[in-house]
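Note that the sequence shown covers residues 1 to 692 in UniProt numbering. In this text, a Cβ means the ideal position worked out from N, Cα and C, and glycines have one as well. Below is one structure, written out as structure tokens; comments come after it.
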Amino acid sequence: MTETPAPPENPRKPAGGGLLDPRQLWASLPGALIKLDPRTLWRNPVMFIVEIGSAFTTVLAVADPSLFAWVITGWLWLTVVFANLAEAVAEGRGKAQADTLRRAKQDTTARRLDGTTETVVAATELKQGDTVVVDAGEVIPGDGEVIQGIASVDESAITGESAPVIRESGGDRSAVTGGTRVLSDRIVVRITQKPGESFVDRMIALVEGANRQKTPNEIALNILLASLTVIFLMAVATLQPMAVFAVGQQGFGIDGVVIDDGGVTGIVLVSLLVCLIPTTIGALLSAIGIAGMDRLVQRNVLAMSGRAVEAAGDVNVLLLDKTGTITLGNRQAGEFVPVHGVSVAELADAAQLSSLADETPEGRSIVVHAKQAHGLRERELSDPVWVEFTAQTRMSGVDVGGRVLRKGATAQVTEWVRTNGGRIPADLKDIVDEISSAGGTPLVVAEPTRVLGVIHLKDVVKHGMRERFDEMRRMGIRTVMITGDNPRTAEAIAREAGVDDFLAEATPEDKLALIRREQEGGKLVAMTGDGTNDAPALAQADVGVAMNTGTSAAKEAGNMVDLDSDPTKLIEIVEIGKQLLITRGALTTFSIANDIAKYFAIIPAIFAAVYPGLDTLNVMRLGSPTSAILSAVIFNAIIIVALIPLALRGVRYRPSDAATMLRRNLLVYGVGGIVTPFVGIKLIDLLVSSIF
Numbered sequence: 001m002t003e004t005p006a007p008p009e010n011p012r013k014p015a016g017g018g019l020l021d022p023r024q025l026w027a028s029l030p031g032a033l034i035k036l037d038p039r040t041l042w043r044n045p046v047m048f049i050v051e052i053g054s055a056f057t058t059v060l061a062v063a064d065p066s067l068f069a070w071v072i073t074g075w076l077w078l079t080v081v082f083a084n085l086a087e088a089v090a091e092g093r094g095k096a097q098a099d100t101l102r103r104a105k106q107d108t109t110a111r112r113l114d115g116t117t118e119t120v121v122a123a124t125e126l127k128q129g130d131t132v133v134v135d136a137g138e139v140i141p142g143d144g145e146v147i148q149g150i151a152s153v154d155e156s157a158i159t160g161e162s163a164p165v166i167r168e169s170g171g172d173r174s175a176v177t178g179g180t181r182v183l184s185d186r187i188v189v190r191i192t193q194k195p196g197e198s199f200v201d202r203m204i205a206l207v208e209g210a211n212r213q214k215t216p217n218e219i220a221l222n223i224l225l226a227s228l229t230v231i232f233l234m235a236v237a238t239l240q241p242m243a244v245f246a247v248g249q250q251g252f253g254i255d256g257v258v259i260d261d262g263g264v265t266g267i268v269l270v271s272l273l274v275c276l277i278p279t280t281i282g283a284l285l286s287a288i289g290i291a292g293m294d295r296l297v298q299r300n301v302l303a304m305s306g307r308a309v310e311a312a313g314d315v316n317v318l319l320l321d322k323t324g325t326i327t328l329g330n331r332q333a334g335e336f337v338p339v340h341g342v343s344v345a346e347l348a349d350a351a352q353l354s355s356l357a358d359e360t361p362e363g364r365s366i367v368v369h370a371k372q373a374h375g376l377r378e379r380e381l382s383d384p385v386w387v388e389f390t391a392q393t394r395m396s397g398v399d400v401g402g403r404v405l406r407k408g409a410t411a412q413v414t415e416w417v418r419t420n421g422g423r424i425p426a427d428l429k430d431i432v433d434e435i436s437s438a439g440g441t442p443l444v445v446a447e448p449t450r451v452l453g454v455i456h457l458k459d460v461v462k463h464g465m466r467e468r469f470d471e472m473r474r475m476g477i478r479t480v481m482i483t484g485d486n487p488r489t490a491e492a493i494a495r496e497a498g499v500d501d502f503l504a505e506a507t508p509e510d511k512l513a514l515i516r517r518e519q520e521g522g523k524l525v526a527m528t529g530d531g532t533n534d535a536p537a538l539a540q541a542d543v544g545v546a547m548n549t550g551t552s553a554a555k556e557a558g559n560m561v562d563l564d565s566d567p568t569k570l571i572e573i574v575e576i577g578k579q580l581l582i583t584r585g586a587l588t589t590f591s592i593a594n595d596i597a598k599y600f601a602i603i604p605a606i607f608a609a610v611y612p613g614l615d616t617l618n619v620m621r622l623g624s625p626t627s628a629i630l631s632a633v634i635f636n637a638i639i640i641v642a643l644i645p646l647a648l649r650g651v652r653y654r655p656s657d658a659a660t661m662l663r664r665n666l667l668v669y670g671v672g673g674i675v676t677p678f679v680g681i682k683l684i685d686l687l688v689s690s691i692f
């Protein structure tokens with residue numbers, strides 16, 4: 001089997017040195033020119049109208065050449081090219097990622113099992129259900145599940161992370177990805193992919209934008225933009241008879257270029273139309289969507305569709321597993337609580353002694369807590385006899401230096417003490433109940449005839465989770481913690497973490513029922529999962545994020561896959577979705593506000609001579625009708641290029657309620673969209689006036 005070397009760079013890293021890196025712009029230019037094909041451009045109705053107008057002005061410039069006509073024609077074509085360039089740059093930012101992934105998908109061979117016989121075949125010949133053998137140093141030939149064995153796997157070609165992961169048969173860590181490499185041992189893999197539909201194939205198509213379908217919101221916005229274009233087209237068309245009438249009444253034209261004896265020239269009409277229709281958002285709309293997918297890929301999240309990204313931005317309810325998401329996943333020693341008559345120092349000493357050989361996270365935390373909180377250092381013991389934890393005894397401990405110490409579950413330790421003739425302190429039950437009601441786990445420490453006290457183990461809420469949940473609340477998102485703990489423990493953890501609600505003793509059926517209840521109330525729900533039992537809930541959720549370490553069933557059911565298998569990333573996914581929606585809304589507001597400003601620039605300049613009353617609207621005082629039109633057309637093209645970085649990077653997202661975001665959007669991008677053209681067109685006019 002041919003080995004595929006791990007790529008030197010992280011596939012999450014965006015290509016190019018910056019958002020407007022000249023090399024990247026130059027590399028994207030051929031793609032922008034290819035997109036001039038009307039068969040491609042007709043999907044963008046706004047820019048399709050601009051292209052038709054550009055072709056029309058080209059014909060007019062050839063028929064009646066003039067510097068004005070050719071300059072206008074050139075800038076109209078540049079407007080279309082710049083619009084295509086925005087989309088090409090957005091797609092180009094995924095090319096390096098795709099190239100890296102292709103290197104992980106180099107042609108390999110596979111050892112297919114036919115009964116007990118191994119047959120060497122090309123990896124491309126594998127079908128769903130085939131079984132292959134992969135040894136250390138070999139590349140896994142396709143997506144599948146480990147059905148036999150356990151191995152360390154290098155997934156850096158997919159995730160960009162150099163640390164190997166463990167894949168084993170059974171459980172929720174059995175899924176493997178084609179193109180990754182086995183580092184140790186031997187596994188047998190059942191192929192789950194269909195030919196040409198591997199995880200890497202889909203990821204390449206998505207990062208390149210080849211399979212990106214327009215989302216419902218994009219389709220709706222395109223319909224709105226097309227409607228505005230038709231309205232402006234009709235409005236501009238009515239200017240011709242008005243101009244003819246005005247010329248007839250006044251008996252003269254303007255400049256011999258803007259208005260002639262036949263009315264407004266065709267080049268001017270096209271220029272006016274292009275400047276008034278929402279070309280800015282029409283040019284950037286596709287790039288905004290592609291960039292949203294790209295931001296997810298940079299965070300090692302694969303979205304199966306743009307609709308999933310948008311749905312993340314509209315999520316109302318977030319379902320989060322407690323263990324590993326809200327808490328660290330391992331219980332930690334937080335306190336030593338002695339019974340009456342025992343000092344804290346004596347209990348801490350006994351707890352540490354009984355845990356020195358305990359290599360579990362809980363045992364290590366007891367040793368560390370005794371050292372940090374009570375100054376007890378680890379000791380070298382003489383001929384200790386370690387008693388390991390078993391499911392039957394539910395205790396562990398040590399016999400050393402004449403001392404016998406045990407720690408474990410309350411019922412088992414107290415029964416052990418009674419069996420040895422000891423008595424149970426009256427305050428032990430109160431201590432245990434208090435720890436349990438606080439959401440902790442009590443471990444009783446005892447000698448054969450005497451209980452010393454209780455170790456308080458507790459789930460440690462991850463740092464900053466309360467602040468993140470506060471942000472979710474400000475965004476109007478309700479957070480629900482899912483846990484298998486009892487209600488009392490779940491309530492304590494939920495209160496400490498700051499979530500809005502919790503579901504205790506949750507089963508897969510409970511999760512599914514909760515999602516359906518929320519959706520029946522008109523809510524959009526997001527959740528994470530990694531097991532086969534999570535698949536129904538992931539499929540039901542509006543945003544289902546499956547862990548890459550999970551089963552194939554979970555990954556097929558969700559509409560996103562987190563390659564890093566980090567459950568907390570669901571919060572980032574929601575923020576990226578909201579940033580996508582905010583960016584689209586902000587640039588739409590800016591584009592429409594732009595059109596208002598351009599209206600004040602062009603209309604008064606054209607008609608002020610024949611309709612003197614319009615001169616009061618000529619607040620920009622542009623040099624001449626000719627320079628006014630040229631300045632507006634040039635600004636209309638340049639602003640597209642200027643906004644490409646914002647479209648790709650996204651508008652900065654700040655957690656807040658919808659009303660606050662709307663006010664900020666209108667203030668920054670509404671007012672800014674009006675002011676910017678006034679300043680820009682005036683500056684360009686000063687330059688153009690010196691030429692024409």
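Residue i in three-state terms, based on DSSP
i      : result
Gly137 : coil
Leu646 : helix
Glu152 : The sequence as given places Ser at residue 152; Glu does not occur at that position. Ser152: strand per DSSP, three-state reduction.
Ile277 : coil
Ile573 : helix
Gln332 : strand
Ala541 : coil
Asp399 : strand
Thr676 : helix
Met620 : coil
Ala546 : strand
Thr79  : helix
Val633 : helix
Lys506 : First, the amino acid is wrong: residue 506 is Ala here, not Lys. The answer is coil: DSSP assigns Ala506 none of H, G, I, E or B.
Thr551 : coil
Arg654 : coil
Thr180 : coil
Thr265 : coil
Test item: CB-CB of residue i and residue j under 9 Å
i      : j      : result
Val165 : Val146 : no
Arg112 : Asp135 : no
Gly170 : Ser198 : no
Pro442 : Ile431 : yes
Gly53  : Leu273 : yes
Ile684 : Ala83  : no
Ala409 : Val444 : yes
Val49  : Ile219 : For clarity, residue 49 is Ile in the given sequence; the question names Val instead. No.
The beta strand (DSSP E) enclosing residue i, as first and last residue numbers
i      : result
Phe502 : 501-503
Ser111 : What sits at residue 111 in the sequence shown is Arg, not Ser. Where Arg111 is concerned, the enclosing beta strand (DSSP E) stretches over 109-114.
Trp386 : 385-387
Lys407 : 403-408
Arg167 : 165-168
Thr390 : First-last for Thr390: undefined, no H or E at that position.
Asp562 : 560-562
Ala122 : 117-122
Thr528 : 525-529
Buried or exposed (CB count within 10 angstroms, at least 16 for buried), residue i
i      : result
Ser286 : buried
Ala122 : exposed
Gly680 : buried
Pro567 : buried
Pro338 : buried
Ile187 : buried
Arg495 : exposed
Ala63  : exposed
Range covered by the alpha helix (DSSP H) that runs through residue i
i      : result
Ile187 : Ile187 -> not in any alpha helix (DSSP H); beta strand (DSSP E) instead, spanning 186-191.
Thr40  : 38-41
Gly53  : 45-63
Thr660 : 658-665
Chain D contact for residue i (CB, 9 Å cutoff)
i      : result
Ser169 : Of the protein chains in this structure there is only one, and it is not chain D.
- Message: In chain order, what are the residue ranges of uninterrupted beta strand (DSSP E) at least 3 long that sit wholly in the segment 413-483?
- Response: 440-447, 450-461, 478-482
- Query: Which runs of the alpha helix (DSSP H), 4 residues or longer, sit entirely within the segment 300-382?
  - Reply: 306-313, 344-353, 361-374
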